[in-house]
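Engineer: Sequence positions in the sequence shown follow the working numbering and run 173 to 366. Virtual Cβ for every residue (Gly too), placed ideally from N, Cα, C. Being a predicted model, the structure only gives us computed values, none of them experimental.
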Amino acid sequence: MDGEETTNQFDHVFCENGVVHYQQGQLKKTESILTYIGEQTLQRVINFALGYMSKLELPAKRGNFVEFRSSMINICPVGRSCSQTERDEFSQFDMQHKIRAKFVESLQNEFEGSKLSFALGGQISVDVFPTGWDKTYCLNHIPKESITEIHFFGDKTLPGGNDYEIFNDKRTIGHAVTSPQDTKEQLMKCLNIV
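1) Go ahead and label Asp-266 buried or exposed: buried means 16 or more other beta carbons lie within 10 angstroms of its beta carbon, across all protein chains shown.
2) Considering only residues of the same chain and omitting the five flanking positions on each side of Val-238, which have a CB-CB separation below 8 Å?
3) Ignore the nearest five residues each way along the sequence and tell me which others in Asn-340's own chain have a CB closer than 7 Å to its CB.
4) Beta-carbon within less than 8 Å of Gly-332's beta-carbon, same chain only, minus the 5 sequence neighbours each way: which residues are those?
5) In this structure, does DSSP put Asn-364 in helix, strand or coil?
6) Output the distance between the C-alpha atoms of His-193 and Lys-200, rounded to the nearest integer angstrom.
7) Any idea if Gly-304 is buried or exposed, counting beta-carbon neighbours within 10 angstroms, 16 or more meaning buried?
8) Does the distance from the C-beta atom of Arg-343 to that of Leu-311 stay below 7 Å?
9) Determine the closest residue to Ser-286 out of Asp-327, Tyr-208, Phe-182, with distance taken between C-alpha atoms.
10) Hey, out of Cys-187, Asn-180, Asp-183, whose CA is closest to Tyr-309's CA?
11) Starting from the N-terminal side, write out each stretch of the beta strand (DSSP E) that is 3 residues or longer and does not extend beyond the region 217–283.
12) Could you tell me the alpha carbon to alpha carbon distance between Leu-228 and Gly-235, rounded to whole angstroms?
13) Taking all protein chains shown into account, decide if Ile-365 is buried (16 or more other Cβ within 10 angstroms of its Cβ) or exposed.
14) What's the call for Leu-279, buried or exposed, on a 16-neighbour Cβ count within 10 Å?
15) Considering only the beta carbon of each residue, do His-313 and Cys-362 sit closer than 7 Å?
16) In chain order, which continuous runs of the beta strand (DSSP E) of length 3 or greater are located wholly inside the region 300–354?
17) Over the uninterrupted beta strand (DSSP E) stretch that includes Gln-295, give me the two end residues.
18) DSSP three-state call for Lys-356: helix, strand or coil?
19) Gly-197 and Thr-179: beta carbons closer than 7 Å?
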């Protein structure tokens, strides 16, 4: 299924923490982290991140360490070019040595008062985004009068994870999941399809 096919199948589709919003298949709204924080701050974040990562000793390092997206900067110590095996190795190493948690702490200290937030992203990365642009951002664009329940499924639901805020938001019913298969099973139960 490609992007256009996906956006046409649903009333609302929210990408990139909800700052890219499609309604009935049409792009309705988009925001840009660059416009919000400016080039100077963007470069400060990237330069700090690259300097920090250059000092890390990891099981492997590959390429594509910083990815610029509309809503965020995604920073990946192992590099997004890693293989699945290297990804899994880094994930295990990170669980033992708290590489990303320490990285987030350093980013928070360096950019204190900057209106930026930092969260563990997925299995191998750190997300940097304007404060308030977490996944709850999309909830501001959902018409309250026509939607009575919002279910959110996420795997990074503990404090510091990029699903934490929306998982715990009073406007959602949060479901902690462990895999795509677990998500499918929980969704089928919610929809009474089992």
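Structural biologist: According to the data block:
1) buried
2) Ile-218, Ala-221, Leu-222, Ile-245, Asn-246, Ile-247, Cys-248
3) Closer than 7 Å at the Cβ level, and outside the excluded window around Asn-340, lie Gly-346.
4) Ala-273, Val-276, Ala-291, Leu-292
5) coil
6) 6 Å
7) exposed
8) yes
9) Tyr-208
10) Cys-187
11) 238–240, 245–247
12) 14 Å
13) exposed
14) buried
15) no
16) Secondary structure within the region 300–354: the beta strand (DSSP E) runs of 3 or more consecutive residues, fully enclosed, are 323–326, 345–348 (chain order).
17) Where Gln-295 is concerned, there is no enclosing beta strand (DSSP E), given that its DSSP letter is neither H nor E.
18) In the structure shown, Lys-356 sits in a helix (DSSP, three-state: H, G or I).
19) yes
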